[in-house]
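K.L.:
Input: one structure, supplied below.
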Amino acid sequence: MALKQRLLYLSAQSTDPRSPAISQALHEPVRGSIVEIDPTRTRLDYETVHDAICDGWRVVHFPDQRGSLEGSEIEVLGYQFVLEKMEQFDD
Amino acid sequence: MTSATGISTENLLNDDQVADFVINGYHIVEPQFPADFHSKVYSELELLPMNPGDDINKAIPKIDQVYEHPAVAGALASLLGSDYTRAAHRHCHKNHPGTRSQAWHQDSLNIPTLDDGHGRVSDHVQSVLVMYYPQHVASNMGPTALIPGSHLFTAAQDRNASHGNFRDQIVAVVPAGSVLILHYDIWHAGTANTSDQIRYMVKYLFERASESTEPSWNHDSSNDAHIFERLERDEAALIQRSLVDKRNFRRTTMWNNLAGNAGLKYEYRDKWSGEWPQPNQ
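Order-wise, the sequence lines are chains G and F.
For the first sequence, numbering that gives the first Met the number 0 assigns the number 0 to the initial residue and increments by one for each residue that follows.
For the second sequence, numbering that gives the first Met the number 0 assigns the number 0 to the initial residue and increments by one for each residue that follows.
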């Protein structure tokens, strides 16, 4: 067993962790594991970043506070929080 | 009844359908063909020894019939003008069982060397991707996923790489023969095929040849107030508040670019009068 970092990317509608989540990607610390679009998914695992925090996730990166500035390359949807959970995994 | 260009008006889109496209960036057509038409296309695709690329229509000529079907042509004329043209680029995607999902992307960024070039155009419909599925696509067969309304926004693909699944993503689980018309700038991706069947998707690109002077669809100006309200209020997918005004401006500009002289006129109106809010329960 080894303590490893699970990573959860949650993009929210605003910088408020209680605002609705727009997208999510979960990275498991397992070699060969993949993250991809799941066409059978009908909802995200968490409605908000706060919901994820209540489930034990810890925020390790807060989104940039700057909003939608002018320019062609910056209209990324949502404000991205990165969360972690340290858990024991079999090697 | 036919339009001046010979396309039956019954196959043209109406105001709400064009507004749907402006808001969401996609439109689905199910052209009617004999029962075995699409299975024959599928069989011919199975026999191709290699990917013919742009020549997919020469390898299997009956595919052109799909794109020339009045229901498809009517939708294309509505969105691109009746003098729309077919681009040289075509492609057949063969999605084998076990294929992983693509990353979210805009095709308009992928083909920088086409003669006519393709910058992203967030306030007009200059080009559309038209995807034809010759077989039923179930949710485990690698359906095309898209983010409705995302054609209005630009971003570098690598800045969107960490998104994964979107709350409001749409997945094209469609019957055989369906034709999915996409704004060229919509963020989309092929998804994982976890079934035991090959999923084919044939893609053509169509382009606008001239600017609109009048609506090329079944337009009724008495719908203008209703359309204006839809362009301002309809949600396609949840986005940050700071993009909503930009989104609405681009929607209205796109509609007006399509409508030519029949564009919407902005008039101030009081949107906030009405019932007092009710006390919290």
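Every residue gets a Cβ at the ideal spot worked out from N, C-alpha and C, and that includes glycine.
A quick note: this is a predicted structure, and the numbers were derived from the prediction, not measured.
Does any C-beta atom of chain G lie closer than 8 Å to the C-beta of Phe238(F)?
P.N.:
It is Ile, not Phe, that sits at residue 238(F) in the sequence shown. At least one chain G Cβ lies under 8 Å of Ile238(F).
K.L.:
Return the first residue and the last residue of the alpha helix (DSSP H) that Gly73(F) is part of.
P.N.:
Residues Pro69 to Leu79.
K.L.:
For Leu128(F), return the contacting residues in chain G, with the cut-off set at a CB-CB distance below 8 Å.
P.N.:
None at all; the shortest Cβ gap to chain G is about 18 Å.
K.L.:
Between Arg119(F), Tyr131(F), His95(F) and Leu47(F), which lies nearest to Pro30(F) when the distance is taken from Cα to Cα?
P.N.:
When each option's Cα is compared against that of Pro30(F), the closest is Tyr131(F).
K.L.:
Which residues, in order along the stretch 40 to 60 of chain G, keep a beta-carbon less than 8 Å from a beta-carbon of chain F?
P.N.:
Residues Arg40, Arg42 and Leu43.
K.L.:
Going by C-alpha distance, which of Met200(F), Glu9(F), His95(F) and Gln277(F) is nearest Val65(F)?
P.N.:
Taking only the C-alpha atoms, the option nearest Val65(F) is Met200(F).
K.L.:
Counting Cβ pairs, one atom from each stretch, are 3 or more of them under 8 Å apart for the stretch 86 to 99 of chain F and the stretch 169 to 181 of chain F?
P.N.:
No contact exists between the stretch 86 to 99 of chain F and the stretch 169 to 181 of chain F.
K.L.:
Measuring straight from C-alpha to C-alpha, what distance separates Ala1(G) and Val170(F)?
P.N.:
Their backbone Cα atoms lie some 38 Å apart in a straight line.
K.L.:
Could you check what DSSP says for Met49(F) in three-state terms: helix, strand or coil?
P.N.:
Coil.
K.L.:
Helix, strand or coil, according to DSSP, for Glu206(F) in the structure here?
P.N.:
It is a strand residue.
K.L.:
Measuring straight from C-alpha to C-alpha, what distance separates Asp115(F) and Leu204(F)?
P.N.:
Residue confidence is low: Asp115(F) scores 46 on pLDDT, short of 50, so the model does not pin down where it sits. No coordinate-derived value is stated.
K.L.:
Out of curiosity, what's the CA-to-CA distance linking His37(F) and Ile59(F)?
P.N.:
Distance between the alpha carbons of His37(F) and Ile59(F) is about 12 Å.
K.L.:
Just to confirm before moving on: does the CB-CB distance between Gly189(F) and Gly141(F) stay below 8 Å?
P.N.:
For Gly189(F) and Gly141(F), yes; Cβs fall inside 8 Å.
K.L.:
Would DSSP call Thr252(F) helix, strand or coil?
P.N.:
In this structure, Thr252(F) counts as helix in the three-state DSSP scheme.
K.L.:
Using 8 Å as the cut-off, can you tell me whether the stretch 73 to 83 of chain F makes contact with the stretch 45 to 54 of chain F, which would need three or more C-beta pairs spanning the two stretches below that distance?
P.N.:
In short, these stretches do not touch, since the Cβ pair count stays below three.
K.L.:
Report the neighbours of Ser211(F) on chain G: residues whose CB is nearer than 9 Å to its CB, in chain order.
P.N.:
Under the 9 Å cutoff, chain G gives no residues; its nearest Cβ is about 25 Å from Ser211(F).
K.L.:
Where do the ends of the alpha helix (DSSP H) carrying Lys57(F) lie?
P.N.:
Here the alpha helix (DSSP H) through Lys57(F) covers Ile55 to Ala58.
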